[in-house]
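Have a look at the structure below, then the notes.
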Amino acid sequence: MTKRRKPRGPGQHHRLGLTVKQLFGIVPNAQIAEDWFEKIMWGVDHEKRHCGHCSAMDTVRSKSGRPMKYRCRTCKKYFDIKTGTMLQGTHIPLDTWIHAIYLAVTSIKGISSMKIHRELGVTQKTAWHLMHRIRMAMDIAHTLVGHVPMDGTVQMDEMYVGGLERNRHASKKLRLGRGAVGKTAVVGIRHNESGLIRAQTFDNVNQQNVHEFLHQNVKSGTEVHTDDARVYDNLEQQGFKHKSVKHSAGEYVKDGVTTNSIESYWALFKRGVYGTYHHLSRKHLDRYLEEFSGRHNIRAMNTWVQIVLVMGNIANTHLPYKELIADPEAD
Numbered sequence: 015m016t017k018r019r020k021p022r023g024p025g026q027h028h029r030l031g032l033t034v035k036q037l038f039g040i041v042p043n044a045q046i047a048e049d050w051f052e053k054i055m056w057g058v059d060h061e062k063r064h065c066g067h068c069s070a071m072d073t074v075r076s077k078s079g080r081p082m083k084y085r086c087r088t089c090k091k092y093f094d095i096k097t098g099t100m101l102q103g104t105h106i107p108l109d110t111w112i113h114a115i116y117l118a119v120t121s122i123k124g125i126s127s128m129k130i131h132r133e134l135g136v137t138q139k140t141a142w143h144l145m146h147r148i149r150m151a152m153d154i155a156h157t158l159v160g161h162v163p164m165d166g167t168v169q170m171d172e173m174y175v176g177g178l179e180r181n182r183h184a185s186k187k188l189r190l191g192r193g194a195v196g197k198t199a200v201v202g203i204r205h206n207e208s209g210l211i212r213a214q215t216f217d218n219v220n221q222q223n224v225h226e227f228l229h230q231n232v233k234s235g236t237e238v239h240t241d242d243a244r245v246y247d248n249l250e251q252q253g254f255k256h257k258s259v260k261h262s263a264g265e266y267v268k269d270g271v272t273t274n275s276i277e278s279y280w281a282l283f284k285r286g287v288y289g290t291y292h293h294l295s296r297k298h299l300d301r302y303l304e305e306f307s308g309r310h311n312i313r314a315m316n317t318w319v320q321i322v323l324v325m326g327n328i329a330n331t332h333l334p335y336k337e338l339i340a341d342p343e344a345d
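Note that my numbering has the sequence shown beginning at 15, numbered continuously upward.
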């Protein structure tokens with residue numbers, strides 16, 4: 015006789031993941047979301063509550079709640095949980111922020127601003143700004159452990175993001191004869207032991223850039239696996255143990271040496287570009303890399319923990335709309 019399986023309780027669901035229905039049950043409105051966010055930022059008993067203007071701890075609750083919930087006795091200004099964070103001045107309810115973060119951390123190939131616009135009932139412009147701020151807050155690994163250099167064994171590879179030369183309008187063709195021309199170069203490193211990924215854009219990939227990127231992220235003496243591109247030559251002279259596979263000869267795994275894991279990450283990123291975003295400008299590419307690497311680096315955590323970590327990281331980021339749309343080439 016087959017035994018009936020006991021239904022899972024709420025706690026068991028949280029260990030496995032979090033459904034949309036459960037999320038709406040936990041955070042059903044903006045007030046509960048604000049109370050929850052205060053506990054994340056200031057502690058359950060508000061023991062870490064501080065002024066968003068001057069950071070002083072001598073604060074009291076405003077009797078009327080106006081113009082804001084709290085008042086600082088040091089600088090005499092009023093503040094709330096959003097003051098001094100990326101949320102300052104936002105008119106988006108905090109429960110909408112939490113639901114947007116849920117969609118960002120659970121959408122493995124990313125989520126477009128049009129999808130956020132339809133799901134959460136905000137304008138596409140608001141959704142676009144909202145998601146770029148969330149992307150900045152998704153670099154959780156750096157927040158948790160700092161920029162600790164990797165050791166042991168790492169994989170390193172590069173990719174190029176941008177349209178094909180043959181698809182350009184005739185007036186925009188560069189006609190330089192190289193497949194990567196007009197594209198943005200991205201170099202990534204994956205730590206074999208932890209699976210942690212770090213990626214960065216470059217104007218061009220050369221040995222100097224590769225060596226600097228390695229020294230910033232990897233300890234001397236670490237074993238570095240690459241393909242046979244010439245840009246990875248001379249890594250031994252930089253203090254690394256270098257092993258490679260010859261992709262040019264159809265070799266992808268040799269004696270445990272491979273770049274398959276970092277290349278799988280590139281494949282997922284490109285699926286997001288082609289299937290979700292369709293086009294990424296050079297100006298915003300680094301934030302999309304933060305989104306994909308951030309989601310990859312916290313994938314082993316349950317969904318609720320991921321949301322809490324991203325919400326907590328929002329206090330450390332700032333991205334005004336004017337800065338988001340500013341021309342990077344302008345003075």
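The C-beta atom is built at its ideal place from N, Cα and C for all residues, glycine as well.
| Check | Outcome |
| --- | --- |
| Secondary structure at Gly389, three-state DSSP: helix, strand or coil? | The shown model of the chain, from 15 to 345, leaves out residue 389, and the question about it has no answer. |
| Tell me which residues share the same chain as Glu304 and place their Cβ nearer than 6 Å to its Cβ, disregarding the 5 neighbours each side in the sequence. | Arg149, Met152, Asp153 |
| Please name the residue in Asp109, Gln251, Cys68, Leu108 whose C-alpha comes closest to that of Phe93. | Cys68 |
| Starting from Val319, follow the alpha helix (DSSP H) in both directions and report where the run begins and ends. | 317-327 |
| For Thr104, which beta-bridge partners are listed by DSSP? | The partner list for Thr104 (beta bridge, DSSP) is empty, contrary to what the question assumes. |
| Which whole-angstrom value is the C-beta distance of Tyr266 and His256, which I expect to be below 8 Å? | About 17 Å separates the two Cβ atoms, so there is no contact after all. |
| For a minimum of 4 consecutive residues, which ranges assigned as the alpha helix (DSSP H) are wholly contained in the stretch 225-257? | none |
| Label Gln169 either buried or exposed according to how many other C-beta atoms from any shown protein chain fall within 10 Å of its C-beta, with 16 as the threshold for buried. | buried |
| Chain C beta carbons: is any one of them nearer than 9 Å to that of His229? | Here there is only one protein chain, and chain C is not present. |
| Could you have a look at Lys268 and say whether DSSP puts it in helix, strand or coil? | strand |
| Quick one: which unbroken beta strand (DSSP E) runs of 3-plus residues sit fully inside the stretch 23-101? Chain order, please. | 73-75, 84-86 |
| Please report the distance separating the alpha-carbon of Val271 from that of Val201. | 19 Å |
| Quick one: what's Arg212 bridged to in DSSP? | Ile203 |
| Look up Asp109 in the DSSP assignment and say whether it is helix, strand or coil. | helix |
| Can you tell me where the alpha helix (DSSP H) holding Asp300 begins and where it ends? | 299-311 |
| DSSP on Val287, reduced to helix/strand/coil? | helix |
| Let me confirm a value: Asn231 is counted as buried when at least 16 other C-beta atoms fall within 10 Å, else exposed. Which label applies? | buried |
| Can you list, in chain order, the residues of its chain with a C-beta nearer than 7 Å to that of Ile54? Leave out the 5 residues immediately preceding and following it. | Val322, Met325, Gly326 |
| How long is the line joining the alpha carbons of Ala114 and Ile130, rounded to whole angstroms? | 7 Å |
| According to DSSP, is Met152 part of a helix, a strand, or is it coil? | coil |
| For the alpha helix (DSSP H) that contains Met164, what are its first and last residues? | Element bounds for Met164: n/a, residue is neither H nor E. |
| Measure the C-alpha to C-alpha separation of Lys123 and His143 and round it to an integer number of angstroms. | 19 Å |
| Do Ile276 and Ile339 come within 9 Å of each other at the CB atom, strictly closer than that value? | no |
| Secondary structure at Val119, three-state DSSP: helix, strand or coil? | helix |
| On a Cα-Cα basis, can you pick out the residue from Thr215, Asn248, Thr236 that is closest to Gln221? | Asn248 |
| Where do the ends of the alpha helix (DSSP H) carrying Ile130 lie? | 127-134 |
| Spell out a yes or no on whether the stretch 88-105 and the stretch 288-306 are touching, meaning 3 or more CB-CB pairs, one atom from each, closer than 8 Å. | no |
| With which residues is Tyr174 paired in a DSSP beta bridge? | Ala199 |
| In three-state DSSP terms, what is Asn223? | helix |
| Hey, would you say Thr97 sits closer than 9 Å to Ile328, going by beta carbons? | no |
| Which term fits Gly66, buried or exposed, when burial requires 16 or more other beta carbons within 10 angstroms of its beta carbon? | buried |
| Would you check if the distance between the CB atom of Asn311 and the CB atom of Gly209 is smaller than 9 Å? | yes |
| Please report how far the alpha carbon of His161 lies from the alpha carbon of Leu37, in whole angstroms. | 32 Å |
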